[in-house]
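To keep things clear, I will list the structure first and then write my remarks on it.
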Amino acid sequence: MEVEDSSETVRKFTRRALYDILKEFKGCFKSDFKKKWTASSYKDQRFLNNNEQWLTSSIELPYWSAEPTQKLGRPTKTFEESSDRSKRRKTKELREQPKTNVTPMRNRFE
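Here's what the structure looks like:
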């Protein structure tokens, strides 16, 4: 169903948030759908004809902020709090860069 209102905004959800929304919604939708499908004797055309208004009606989902309320995963430590192994892993890229040929300032003025 297309929304004609140009003031509508698109809300982005994480996959987990979308899963939770659909899981909550699915319970009532699934039972309603099954009742209507059974009432139509499992016939596609009869189901579409008898439930046209139900199928074309829009649903309202509650508004959730796009920002998560909690950070997921293990909290990160500052560089100073990290272990020696973690510090080596974090600085590996810098250590692997080729050394530049820089002459010390002392040698330039001699």
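The sequence shown begins at 1 in full-length UniProt numbering and counts up one residue at a time.
By construction, the Cβ of each residue, glycine as well, lies at the ideal position given by its N, Cα and C atoms.
What residue does the alpha helix (DSSP H) around L55 start on, and which one ends it? Following the DSSP letters along the chain, one finds L55 inside the alpha helix (DSSP H) bounded by residues E52 to T56.
Rounded to the nearest angstrom, how far is the Cβ of W54 from that of K34, given a contact under 8 angstroms? Between W54 and K34 the beta-carbon gap is near 13 angstroms, outside 8 angstroms, which marks them as no contact.
F25 burial status per 10 Å Cβ neighbour count (16 or more: buried): When all chains shown are included, F25 counts as exposed.
Can you name the start and end residues of the alpha helix (DSSP H) that K92 belongs to? Here the alpha helix (DSSP H) through K92 covers K92 to E96.
Would T92 pass as a contact of F79 if the rule is Cβ separation under 8 angstroms? Looking at the sequence itself, residue 92 is Lys, so the reference to Thr does not match. Not a contact, by the Cβ cut-off of 8 angstroms.
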